[in-house]
Each structure stands twice: as structure tokens, then as C-alpha cells.
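Chemist: Residue numbers (this note's numbering): 4 to 166. No residue lacks a Cβ here, since even glycine has one placed at the ideal position from N, Cα and C.
1. Tell me, which residues are paired with residue 64 by DSSP?
2. Thinking just about the alpha-carbon of each residue, which of 54, 11, 10 and 59 is nearest to the one in residue 30?
3. Just to check my reading of the structure: residue 108 and residue 81 have Cβ atoms closer than 8 Å, yes? What is that Cβ distance to the nearest angstrom?
4. Which residues in the same chain have their Cβ closer than 6 Å to the Cβ of residue 110, if we skip the five residues on either side of it in sequence?
5. In three-state terms, what does DSSP make of residue 101?
6. May I have the straight-line CA-CA distance separating residue 132 from residue 26, to the nearest angstrom?
7. Ignore the nearest five residues each way along the sequence and tell me which others in residue 120's own chain have a CB closer than 7 Å to its CB.
8. Determine the contact status of residue 56 and residue 16, defining contact as a CB-CB distance below 7 Å.
9. Just to confirm the assignment, what range does the alpha helix (DSSP H) spanning residue 122 have?
10. Spatial neighbours of residue 93 within its chain, please: CB distance less than 6 Å, with the 5 preceding and 5 following residues excluded, ordered by chain position.
11. Classify residue 122: buried if its beta carbon has 16 or more other beta carbons within 10 angstroms, exposed otherwise.
12. Given residue 156, which residues of its chain have a CB within under 8 Å of its CB, disregarding the five upstream and five downstream residues?
Below, the structure written as C-alpha cells:
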């Protein structure tokens, strides 16, 4: 297992759609170990594979004392009438937090390292995490979801940080 460095905005891998995992081999097993070890730190809610430089469709989470992972996640359900608009941040966009509208509830399906079906779901923070990490795997950052005013603020803040 290895604690991996987080890729920061500007790294092209963060804007690249991740590949679906077709074979669960030793590289995928090592990726999951790295994802679990790297997300296991105070203040980290989720971590997508491309945030540690790997273009495979996988992410880990660390929510309410539960750490887990999913391979090939696909969001299959979002609440349609309930939303949250809380502050959201990202390890790949350090130090910036902006109100980001997300569905209140999210459900994703994928597989585990044995190829068995996995379903993850949740409201509030877990729902936000599922949506945020699946966005990463599709090559998107939470900044893409900001309203016009907050996106402009974020872009100014990134320029001021030299990012």
C-alpha cells in the first residue's frame, strides 16, 4: 500500500474520463489499496482514482467512520425533488470551498474486487460524495457545477493562487 500524492487542478488527468475496469488484476488491487490508504485522513470524504494519477473508474470514501471503495461506479438514482446547496471543496482544488447544488440523495452501482455487485447510497454528505467522485471519473470538477457568480470567484481565487 502507498499513500499517494493528490493531483491538483491543471493536471490533464483530472479532465480526462476514466476507463472502465475490465480485468481485476494486481494493478487494480494495488489501486484500491492506495485509494483506501490515501482517503484515510482527517477531513477527506472521497478520492477518485484520477486524483492520484490513475485513469481507472474507481473511488474510495471516508464518511462517518466508514471507509470503502467501488469499482466502475455509475449513478443510477438521484433525488429529483430534494437538493442540497452546501459548501463543497476538493482535494484537487485546495483551499477553495463554494456552495454547490447537488441532489440530496444519490445511489450508485458498481463492483468490488471479486467482481460482485456493490450498491452505495446515501443522503447529505454521502450523497454529495457519490456525485462528486463520479464527476471526477467523468473528467469534471465541482467548479464546473458552480453558479456563474461563484465560478467567477473561484477562477479569480485560482489565478491568485497561481493555479
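Modeler: Short version:
1. Note: residue 64 sits in a beta bridge opposite 49 and 71.
2. Comparing C-alpha distances from residue 30 to each of 54, 11, 10 and 59 shows the shortest one belongs to 59.
3. So it is a contact: roughly 7 Å between Cβ atoms.
4. The answer, listed in chain order, is 79, 80 and 124.
5. Correct three-state label for residue 101: strand.
6. Cα to Cα, the separation comes out at about 25 Å.
7. Taken in chain order, the residues that qualify are 112 and 114.
8. Their beta carbons are under 7 Å apart, which means residue 56 touches residue 16 by this criterion.
9. If you look at residue 122, you'll find it isn't in any alpha helix (DSSP H); it sits in the beta strand (DSSP E) that goes 120–126.
10. Here the set comprises 145.
11. Residue 122 should be labelled exposed.
12. Contacts found: 101.
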